[in-house]
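K.L.:
Numbered by my numbering, the letters in the sequence shown go through residues 4 to 189 in order. Each residue gets a CB set at the ideal place from its N, CA and C atoms; glycine is no exception.
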Amino acid sequence: GALIRWGPNKSIIAVITRWKKHHDQFTVIDGQRILETLVFKDKYTNDWKLPEAKILGIESSYGAIYRSFHELVFKDSDSEHSFSFEESDMIKYFESFARASVSTFEPTGFESHMVYRGYIDDLRNTDNAWVEAEIWNFHYDSNTTFPNLCQDGVTIWKDVTNNSRGFLIQTSILREIARIHQAFFE
4 GALIRWGPNK SIIAVITRWK KHHDQFTVID GQRILETLVF KDKYTNDWKL PEAKILGIES
64 SYGAIYRSFH ELVFKDSDSE HSFSFEESDM IKYFESFARA SVSTFEPTGF ESHMVYRGYI
124 DDLRNTDNAW VEAEIWNFHY DSNTTFPNLC QDGVTIWKDV TNNSRGFLIQ TSILREIARI
184 HQAFFE
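What follows is the structure in structure tokens.
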């Protein structure tokens, strides 16, 4: 099969969101603000995907998403992290990007929560091997820019809409996150 191991193949997905702004004003459609999400271009399929990490060996799921996110977004595979990275460490890591704006010194809002944990409907699933995931949303109230974000066009901010190109499961995840934040999705 297409999956690495028999039984559950576990992964963790980080959905990084912020409110879309144009000239310091929120972008609004039908009275609802629009979310943007940080995505990267898959080098094999050229599809835009959410940051995801496969959980392999002794590495914790939270350490795996830290490592994967750092490699995908900052192109930094040399970053050090602990294999015993815990949930609180992961949240602190993503919260560290919600720093005060350099120009205004105003604090930026940040919230994180687990959106889903469990079975994921995936084309690669079989009777003997299937995908399970833990999905987290890290939301920034401001136009957080992520310092040192690789500017190679492989990692970009895209609008969270029903027309978001990607796998069906990603559309379902984005729909749920838009609902949680009461954002436009149609």
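What's the call for K23, buried or exposed, on a 16-neighbour Cβ count within 10 Å?
P.N.:
Here residue 23 refers to the residue found at position 20 when the sequence shown is read from its first residue. Buried, since its Cβ has 16 or more Cβ neighbours within 10 Å.
K.L.:
Does the Cβ of H142 have 16 or more other Cβ atoms within 10 Å, making it buried, or fewer, making it exposed?
P.N.:
For the purposes of this step, residue 142 is taken as residue 139 along the sequence shown, with counting starting at 1. It is buried - the Cβ of H142 has at least 16 other Cβ atoms within 10 Å.
K.L.:
Quick one: grab the DSSP three-state call for T20.
P.N.:
Your numbering for residue 20 matches position 17 in the sequence shown. Reduced to three states, the DSSP call for T20 is strand.
K.L.:
Just how far apart, CA to CA, sit F43 and T174?
P.N.:
As a first step, residue 43 must be located in the sequence shown, where it is residue number 40. As a first step, residue 174 must be located in the sequence shown, where it is residue number 171. In a straight line, the C-alpha of F43 is about 15 Å away from that of T174.
K.L.:
From the DSSP output, read off the bridge partner residues of Y143.
P.N.:
If you number the sequence shown from 1, residue 143 lands on position 140. Beta-bridge pairing links Y143 to R21 and F113.
K.L.:
Span of the beta strand (DSSP E) holding K44?
P.N.:
As a position in the sequence shown, residue 44 is number 41, starting the count at 1. Unbroken beta strand (DSSP E) run through K44: L38 to K44.
K.L.:
Pull up the DSSP beta-bridge partners for N12, would you.
P.N.:
For this step, residue 12 is matched to residue 9 along the sequence shown. Partner(s): V134.
K.L.:
Can you tell me where the alpha helix (DSSP H) holding I159 begins and where it ends?
P.N.:
Within the sequence shown, numbered from 1, the residue matching residue 159 stands at position 156. Run containing I159: none in the alpha helix (DSSP H); it sits in the beta strand (DSSP E), T158 to D162.
K.L.:
Quick one: what does DSSP say R127 is sitting in, helix, strand or coil?
P.N.:
Within the sequence shown, residue 127 is the residue found at index 124, counting from 1. DSSP places R127 in coil when its eight states are reduced to three.
K.L.:
Does the beta-carbon distance from N200 to W139 come in below 8 Å?
P.N.:
Limits of the chain in this structure are 4 at one end and 189 at the other, which puts residue 200 out of reach.
K.L.:
Return the chain-ordered list of same chain residues with a C-beta closer than 6 Å to the C-beta of V157, the five sequence neighbours on each side being excluded.
P.N.:
Here residue 157 refers to the residue found at position 154 of the sequence shown. F43 and K44.
K.L.:
Using a Cβ-Cβ distance under 8 Å, would F149 count as near chain C?
P.N.:
Among the chains in the structure shown there is no chain C, since it carries only a single protein chain.
K.L.:
Rounded C-beta distance between I19 and E137? I'm assuming under 8 Å.
P.N.:
Here the question's residue 19 lines up with position 16 in the sequence shown. Here the question's residue 137 lines up with position 134 in the sequence shown. With a Cβ gap of about 15 Å, I19 and E137 do not count as contacting.
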